Structure formats: structure tokens, C-alpha cells
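Visitor: For what it's worth, my numbering labels the leading residue of the sequence shown as 55, then goes sequentially. The structure's right below; bear with me while I get my questions together.
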Amino acid sequence: MVPKDPVMLLSFINLKLRDFYKNLDICCEDLDLDREEVVRKLEGIGYRYDESQNRFV
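Here you go:
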């Protein structure tokens, strides 16, 4: 289950990106998540996806 709380979502997504997925698109597709919604939620708490690091910073 994907967390709804943005801070918990940040931790969850970064863990998945670090351990299982080479980029956010593949992660979202595999977990059946709306990429734009994930990005919007995490930008709302001051994080942005950094492709070069494959994580939200």
C-alpha cells in the first residue's frame, strides 16, 4: 500500500527508487501510480525529482 501522507510517500518512493527502480517512470508504472500526482505531492513539501540521483531531493 502506498502512503497518502506526503512525508511517508517521500520515504516510500525514495526507497523504491533506490532499491528497485532505475527511474521514476518505471516505478510509477509498476506500482500503478500517477506520476504527476506523486511529483505534485512531493513538490508540495519542497522536494523535486532529480533524475541524475534517481531520487527526490
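Cβ atoms here follow ideal geometry from the backbone N, Cα and C, with glycine treated the same way. Keep in mind it's a predicted model, so treat the numbers as computed, not measured.
Quick check on the DSSP output: the alpha helix (DSSP H) that includes residue 76 runs from which residue to which?
Guide: As a position in the sequence shown, residue 76 is number 22, starting the count at 1. Residue 76 -> no alpha helix (DSSP H), and no H or E assigned at all.
Visitor: State the beta-bridge partners of residue 94 as determined by DSSP.
Guide: Within the sequence shown, numbered from 1, the residue matching residue 94 stands at position 40. Under DSSP, residue 94 forms no beta bridge with any residue.
Visitor: Under three-state DSSP, which class holds residue 84?
Guide: Position 30 of the sequence shown, counted from the start, is the residue given in the question as residue 84. The three-state reading of DSSP puts residue 84 in helix, counting H, G and I together.
Visitor: Can you tell me the Cα-Cα spacing of residue 82 and residue 61, whole angstroms?
Guide: Locating residue 82 in the sequence shown gives position 28, where the first residue counts as 1. Locating residue 61 in the sequence shown gives position 7, where the first residue counts as 1. Going by C-alpha positions, residue 82 is about 17 Å away from residue 61.
Visitor: Output the distance between the C-alpha atoms of residue 101 and residue 110, rounded to the nearest integer angstrom.
Guide: In the sequence shown, residue 101 corresponds to position 47, counting from 1. In the sequence shown, residue 110 corresponds to position 56, counting from 1. About 6 Å.
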